[in-house]
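Student:
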Amino acid sequence: ETGVTQSPTHLIKTRGQQVTLRCSSQSGHNTVSWYQQALGQGPQFIFQYYREEENGRGNFPPRFSGLQFPNYSSELNVNALELDDSALYLCASSLGLAGDYEQYFGPGTRLTVT
Amino acid sequence: SQKIEQNSEALNIQEGKTATLTCNYTNYSPAYLQWYRQDPGRGPVFLLLIRENEKEKRKERLKVTFDTTLKQSLFHITASQPADSATYLCALGEDSNYQLIWGAGTKLIIKP
C-alpha cells in the first residue's frame, strides 16, 4: 500500500452537476498530482500542486480546479460535468515535482457521468 | 506531433522466460523515464526511474534501458511469474516542465 487514500471510491453524477474528489497524500509529501485515466489509456495529467500552489497544468479546461491543504490533503473539483468526464481519477503524491520523483498513487475514484 | 507508444497488443509470455516491453517516444526530450505497474481497478505502482545520462537500471528481476538516440526505453522482467501479469506503463518527464506524460500501457500475461 502507498499510504495515499482517495474518496469516494465510486461516484455517479448527472451532466451539468459539480463534483469534488478528495485525496490524502503520504505524510511528508509536498507535491500532489491529479490524473484522469480513461479505460484502456494511460493517465492524463490534469495539474500538480506544490506547497499549496498550482505548479503545472495539463490540457484541461478551467472547470477543472484544485486545492491542496497543509495537512497533506487535496481536492479536485469539476464543474459543469460532461459525459466525457467519465473516467478513473487518480491522485499521486511525491516528495518533489513530478518528473524526477516516484509517484505514489491512490486507488482512484471512478466517476460516471450520465 | 508528440507521442509515446507502447505495444497496444497484449504480450503473452511463458512462465520463467524474460518479458521485454517497449516504450518509444517522438518529439520529446525526456530527462527522466519511469515505469509503473497497474492492476485492474487500482492505481499505478512505481517500479523504476531512469535518467537520460543512465543507460541501464536494475532492481531485483527488473531491468530498464534508456536509449536517447533510438528514443526508446526497454523494460525487462526476467524469470517471469504469473504474478507479474499486469499492465505496464511508461511515463516520461522533461526538464522544461514537471508533468509526467504517459503511454497507454502494455498488458502482460504470464502463462504457467
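Protein sequences, first through last, are from chains E and D. Note that my numbering has the first sequence beginning at -1, numbered continuously upward. Note that my numbering has the second sequence beginning at 44, numbered continuously upward. The beta carbon of each residue, even a glycine, is placed where N, CA and C say it ideally should be.
1) Would you give the residue range spanned by the beta strand (DSSP E) that residue 100 (chain D) belongs to?
2) With a threshold of 7 Å on Cβ separation, who are the neighbours of residue 83 (chain E) within its own chain once the five nearest residues in sequence on each side are excluded?
3) What three-state label does DSSP hand residue 68 (chain E) in the structure shown?
4) Count the other CB atoms within 10 Å of the CB of residue 7 (chain E); is the residue buried (16 or more) or exposed (fewer)?
5) With the cut-off set at 7 Å, would you say residue 54 (chain D) and residue 121 (chain D) are in Cβ contact?
6) Counting only beta-carbon atoms, is residue 104 (chain E) nearer than 7 Å to chain D?
7) Among the candidates D:48, D:145, D:154, whose CA atom is the shortest distance from the CA of residue 56 (chain E)?
8) Please tell me whether residue 145 (chain D) has its Cβ less than 7 Å away from any Cβ of chain E.
9) Evaluate contact between the region 110 to 125 of chain D and the region 9 to 28 of chain E, counting only Cβ atoms and requiring at least three cross-stretch pairs below 8 Å.
10) Are the C-beta of residue 39 (chain E) and some C-beta of chain D separated by less than 7 Å?
11) Give me the subset of the region 24 to 49 of chain E whose CB atoms are less than 9 Å from a CB atom of chain D, sorted by chain position.
12) Just to confirm, is the Cβ distance from residue 147 (chain D) to residue 80 (chain D) under 7 Å?
13) Please report the distance separating the alpha-carbon of residue 109 (chain D) from that of residue 143 (chain D).
14) With three or more beta-carbon pairs closer than 8 Å as the criterion, would you say the region 61 to 72 of chain D touches the region 82 to 90 of chain D?
15) Does the distance from the C-beta atom of residue 106 (chain E) to that of residue 93 (chain E) stay below 7 Å?
Tutor: Considering the structure as presented:
1) In the second sequence, the residue the question calls residue 100 (chain D) occupies position 57. For residue 100 (chain D), the enclosing beta strand (DSSP E) has its first and last residue at 99 to 102.
2) The residue you call residue 83 (chain E) lines up with position 85 of the first sequence. Cβ within range, chain order: 76, 109, 111.
3) As a position in the first sequence, residue 68 (chain E) is number 70, starting the count at 1. In the three-state scheme derived from DSSP, where H, G and I count as helix and E and B as strand, residue 68 (chain E) is classed as coil.
4) As a first step, residue 7 (chain E) must be located in the first sequence, where it is residue number 9. With fewer than 16 other Cβ atoms inside 10 Å of its own Cβ, residue 7 (chain E) counts as exposed.
5) Counting from one through the second sequence, the residue named residue 54 (chain D) turns up at place 11. Counting from one through the second sequence, the residue named residue 121 (chain D) turns up at place 78. No, these two residues do not count as a Cβ contact at 7 Å.
6) The count along the first sequence starts at 1 and reaches residue 104 (chain E) at position 106. Judged by the 7 Å Cβ criterion, residue 104 (chain E) is in contact with chain D.
7) As a working mapping, residue 56 (chain E) is identified with position 58 in the first sequence. The shortest C-alpha separation from residue 56 (chain E) is found at D:145.
8) Walking along the second sequence from the start, residue 145 (chain D) turns up at place 102. Yes, residue 145 (chain D) lies at the interface with chain E (some Cβ there is under 7 Å from its Cβ).
9) Cβ pair count under 8 Å is below three, so no.
10) Numbered from 1 along the first sequence, position 41 holds the residue referred to as residue 39 (chain E). Interface flag for residue 39 (chain E) against chain D is set, since a Cβ pair is found closer than 7 Å.
11) Going along the region 24 to 49 of chain E in chain order, one finds 29, 31, 33, 35, 38, 39, 40, 41, 42, 43, 45, 46, 48 with a Cβ nearer than 9 Å to chain D.
12) Locating residue 147 (chain D) in the second sequence gives position 104, counting from the first residue. Locating residue 80 (chain D) in the second sequence gives position 37, counting from the first residue. In this structure, residue 147 (chain D) keeps its C-beta atom at 7 Å or more from the C-beta atom of residue 80 (chain D).
13) Taking the first residue of the second sequence as 1, we reach residue 109 (chain D) at position 66. Taking the first residue of the second sequence as 1, we reach residue 143 (chain D) at position 100. C-alpha separation (whole angstroms): 16 Å.
14) The way I'd put it, the region 61 to 72 of chain D doesn't touch the region 82 to 90 of chain D; fewer than three beta-carbon pairs between them come closer than 8 Å.
15) Sequence index remark: in the first sequence, residue 106 (chain E) carries index 108 (1-based). Sequence index remark: in the first sequence, residue 93 (chain E) carries index 95 (1-based). Result no, Cβ atoms of residue 106 (chain E) and residue 93 (chain E) do not sit closer than 7 Å.
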